[in-house]
Amino acid sequence: MKREQVMASALAAAFTADDAAPQRLIQIVGETLRAQWCELTVATRRYEWSAPGRRIADRAHCSLSSDPEITIALAPASAMLTAQQWQPLLVLLEPLAFTEAAESAQRLRNDAVHRLDDARWHASVDMAQERRDLERHLHDGAQQHLVALQLAVAMADHQDGDSGGEQRRDSVRSKLDSAEQVLVATARGVLPHTLAAGGLNGALHSLTGPALSVRAELPRLMPAVESALYFIALEAVSNARKHAKGAQISIDARMRGGRVTVSIRDDGPGFIVDEDGIGGLSHLAHRLEAINGDVDVQSAPGEGTRVTASVRY
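Going letter by letter, the sequence shown gives residues 1 to 313 in our numbering.
Here you go:
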């Protein structure tokens, strides 16, 4: 009986006895073919067998399947069979290889999800630290200067009775009050109240104005995600109002296929997009990149502009 037939019979017996684990199969192959050494690769796993006390000579390799990967290596090379002669072994290993390939793919997906979660967490921590630093700088710097200016105006009230001067001082006081309110609100959290309280949905709907429509259907998201997408939308709307006055602007925000997407469109005159493809939004694009997001700007003269920001979630 030929050696491949003997091997096929031994493999069949192992399968019948429910003893067809890869390590057992490679042992059967090695002993049947009187090999010195044998290595079996099944998808992402490797199994090795060697005969006791034998020196490993030259080796030969044979690919039994490429998808999923199944390969066998033997020493000495003279013990190697043809791909056709390995069919009995392939029949036993293919189901295991498909299972292992699927499990390996799932492990990779899980690892990717964990890395994404870690990146988002670190981004949130970094942004929280930035907000605390900004709060301290505003309190210690700009806010104190505003208070000093208010005191200076108050002192001028007692030194100048000119009616025109009084009107100018009233205007300065009003501007100072407004500036201080903005700084205090910013120092308390950097994020607008509508975003902190109502999430991205509420913040987008608060962007009221002529020729602006908003459709947003999103759950509450991580603060870093909501903040990054909101400021992209805010910048896109601001640019449209500045460079495409009177144009119709629409915002569409939704979650689909594991991604949160915010799209801002206008029917303005359009423009030629820079080579980077983000139309001057690089400072905000970096914030999206930190949470595995991206921004894309599509525009051309006479065709309006579309800004799309997207984050996997």
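Beta carbons are placed, not taken as given, at the ideal position from N, Cα and C, and that holds for glycine. The structure displayed is predicted, hence computed values, not measured ones.
- In this structure, Leu204 keeps its C-beta atom at 9 Å or more from the C-beta atom of Ala244.
- Here the segment 56–68 lies against the segment 77–87, with 3 or more beta-carbon pairs under 8 Å apart.
- For Gly268, the number of other beta carbons within 10 angstroms of its own is at least 16, and it is reported as buried.
- Within the same chain, Cβ atoms closer than 6 Å to the Cβ of Thr308 are found at Ser263 and Asp296, the five residues on either side in sequence being excluded.
- Judged by DSSP secondary structure, Arg241 falls within the alpha helix (DSSP H) whose first and last residues are Pro223 to His243.
- Taking C-beta separations shorter than 6 Å and ignoring five residues to either side along the sequence, the partners of Pro301 in its chain run Gly270, following chain order.
- Arg220 places its beta carbon less than 9 Å from that of Gly199.
- In the DSSP secondary-structure assignment, Glu39 is bridged to Glu48 and Ala73.
- Distance from the Cα of Glu69 is smallest, within the candidate group Pro52, Thr41, Ala77 and Asp58, for Thr41.
- Of the residues Gln129, Gly258, Leu11 and Ala17, the one whose Cα lies closest to the Cα of Leu92 is Leu11.
- Here DSSP, grouped into helix, strand and coil, assigns Glu31 to helix.
- For Gln298, the uninterrupted beta strand (DSSP E) run begins and ends at Gly293 to Ser299, by DSSP.
- In the DSSP assignment, Ser213 falls within the unbroken beta strand (DSSP E) covering Leu212 to Glu217.
- Inter-residue distance for Pro210 and Gly246 is about 8 Å (C-alpha atoms, whole angstroms).
- Cβ contact annotation for Ala21 (same chain, cutoff 8 Å, sequence separation greater than five): none.
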